[in-house]
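When you read off a place in the sequence shown, starting at 1, and then add 31, the result is the number in my numbering. Down below is the structure, laid out as structure tokens.
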Amino acid sequence: MTPAPTPAKPPRTDAQTGLLAALAAYGAWGFFPVFFRWLHPAGSFEVLAHRIVWSGVFLLVIFAATGNWTWLKVLRTDRTVRTRSWLAGALVSVNWLVYLLAVNAERVVDASLGYFINPLVTVVLGMALLGETIRPLQRFALAVAALAVVVLAVGYGEFPYIGIVLALTWGFYGYIKRGSNLDALGSLAAETTILWPFAIGGLVWAMASGHASFTSGDFGLDGRLLLAGPVTALPLVLFGIAAPKLPMVTIGLMQYIVPITQLILGVWLYGEAMPPARLAGFALIWVAVIALVADGLRSRSAAAATIAVDA
């Protein structure tokens, strides 16, 4: 008797593919502290230079394989794109550097704060620069977040400058990239290309003066520094796959995987302190985040209902 054929697995849907890609991207970003701690004893400035150089090389390999050089043509011919790429490159460099300094200084929890409050900064920028109307729940979230900053500054005894700088630089980075003629990968390629001379010059100077960890004889470290390129670019590739396949609400909720993961790593893996005042500040931030998420879900439901009525 011939055995019954094994039923074929149903094809994976776009939503499933998008969800897996988003989980991989946000998971990778969440575990960035582990990778960058692995690059010790390389300093933060050297690691920043390696991220810029090798992510650019990695992206060039991808574009060479696909034959898609549209971003380079746009960068050469569009002055606005060049200006935006310069500004975006400067902002992302500051963001990456502050993040690396925080990780190397055992301030992963402070870095996670920046990614918790980044959506709140985006709301403020939308109001201040784009004239967007602030809804009541958003206003409540901003007030609670401001109170959290006061609690952290007074109760914990230190202004949360790491989180604020990370949130502001990333918020302005996103604002500058609004309306860009380039996709996410093309934008990163343009930014790294513009920053290459500075990064390569810094590495050459460091190696010539004997201050570089790269090529110092630790071949394992050399290999890990080379990996800084793919580690930087691959999550963006995965996010580029996920974003068109998932609702914006899903993307908006999943972004909190990053700071939650980093907070857990900071407290439980690296043993960073979480005294009552700091915990109170973070608790207020979480209240603000919940209010912001609730507002997003509410506004999306209202928009969907309006579309249904109009139809």
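Cβ coordinates follow ideal geometry from the N, Cα and C atoms, glycine included. If you're wondering where the values come from, they're calculated on a predicted model, not measured in any experiment.
Query                                                                                                        : Result
Bounding residues of the alpha helix (DSSP H) (the contiguous stretch that carries A264)                     : 250-273
Three-way DSSP call (helix, strand, coil) for G188 in this model                                             : coil
V65 - DSSP class collapsed to helix/strand/coil                                                              : helix
C-alpha gap between L258 and F66, whole angstroms                                                            : 10 Å
Range covered by the alpha helix (DSSP H) that runs through W236                                             : 215-239
Three-state class that DSSP yields for T108 in the structure shown                                           : helix
Cα-Cα separation, L173 to V320                                                                               : 9 Å
For A239 and A264, the rounded distance between their alpha carbons                                          : 28 Å
CA-to-CA distance, R68 to N135, given in whole angstroms                                                     : 7 Å
Residue from L252, E137, G205 with nearest C-alpha to G297                                                   : E137
C-alpha gap between A243 and P307, whole angstroms                                                           : 40 Å
The region 195-205 / the region 113-132 touching (three or more Cβ pairs under 8 Å)                          : yes
4-residue-minimum alpha helix (DSSP H) runs that sit fully inside the region 70-127, ordered along the chain : 75-97, 101-108
Member of L300, L284, A311, T292 whose CA lies at the smallest distance from the CA of G327                  : L284
Same chain, Cβ closer than 6 Å to F190, neighbours up to 5 away in sequence not counted                      : A184
For L216, the nearest candidate out of D45, M305, L269 (CA to CA)                                            : L269
Separation of R329 from G254, as counted between CA atoms                                                    : 48 Å
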